[in-house]
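Asks: Below are the structure tokens for one structure; questions will follow.
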Amino acid sequence: HFIRKTSIDDLPQFWNMLRGDMSLVGPRPIVTEELKEYGDQVDLFLSVRPGALGLWQIRGRNNIKL
Numbered sequence: 019h020f021i022r023k024t025s026i027d028d029l030p031q032f033w034n035m036l037r038g039d040m041s042l043v044g045p046r047p048i049v050t051e052e053l054k055e056y057g058d059q060v061d062l063f064l065s066v067r068p069g070a071l072g073l074w075q076i077r078g079r080n081n082i083k084l
């Protein structure tokens with residue numbers, strides 16, 4: 019719990035943003051095993067730099083009615 023409460027587990031993402039491998043907002047990174055789920059759209063998905071935050075977090079996930 020200490021690691022999550024102090025956000026230490028987010029340091030690798032911050033480092034990737036500083037290096038330019040990741041943006042602040044963009045699609046969340048996916049694991050290699052999930053690539054097959056994207057079918058013929060995989061190239062489109064991979065053409066965008068992954069982000070630490072997705073649109074869902076930015077637009078207010080708590081405001082979405084289920």
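Numbers in our numbering are just positions in the sequence shown, counted from 1, shifted up by 18. We treat Cβ as the ideally placed atom computed from N, Cα and C, and that holds for glycine. Values in this document were obtained by computation on a predicted structure and should not be read as measured data.
1) For G69, count neighbouring C-beta atoms within 10 Å of its own C-beta (all shown protein chains included) and say buried if the count is 16 or more, exposed if not.
2) Counting pairs of Cβ atoms below 8 Å between the region 25-32 and the region 49-65, do you hit three or more?
3) Starting from V43, trace the beta strand (DSSP E) both ways and give me its first and last residue.
4) Who does T72 pair with in a DSSP beta bridge?
5) Could you have a look at T24 and say whether DSSP puts it in helix, strand or coil?
Replies: Straight from the coordinates:
1) buried
2) no
3) 41-43
4) Contrary to the premise, residue 72 reads as Gly rather than Thr in this sequence. Answer is none; G72 lacks a bridge partner.
5) coil
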